[in-house]
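First up is the structure itself, then whatever we jot down about it.
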Amino acid sequence: MLINALIVLFVLYIVATAWQGRRALAAQEPTAKLDEAKRLLFISALGVPLVGALIVAAL
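Every letter in the sequence shown is one number past the one before it in this note's numbering, and letter 2, counting from 1, is 32.
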């Protein structure tokens, strides 16, 4: 059951990362691009513990 929840969280993480990446690329102004890139970096950093938990749960 835990592995299923982690897989769902990981899929949501992938969707959020892709969505934020598109927003970062679509921004026109340099300051807006920087803000969107910072959000993308934050979302990407959140995925590292999620992947670690997924690996540990799969063992």
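Idealized CB from N, CA, C, for every residue including glycine.
If you're wondering where the values come from, they're calculated on a predicted model, not measured in any experiment.
- Query: Tell me which same chain residues have a C-beta within less than 8 Å of the C-beta of A83, skipping the five on either side of it?
  - Reply: Answer for A83: L36, listed in chain order.
- Message: Let's see if you can read the secondary structure: which residues bound the alpha helix (DSSP H) around Q50?
- Response: It spans 32-56 - the alpha helix (DSSP H) in which Q50 sits, taken as one unbroken run.
- So is L32 buried or exposed if we call it buried at 16+ other beta carbons inside 10 Å? Burial call: exposed.
- Who are the Cβ neighbours of S74 in its own chain at under 7 Å, not counting the five residues just before and after it? Cβ neighbours of S74 within its own chain (closer than 7 Å, five residues either side excluded): T47.
- Measure the alpha-carbon distance for W49 versus E66 and round it to whole angstroms. W49 and E66: Cα-Cα distance of roughly 11 Å.
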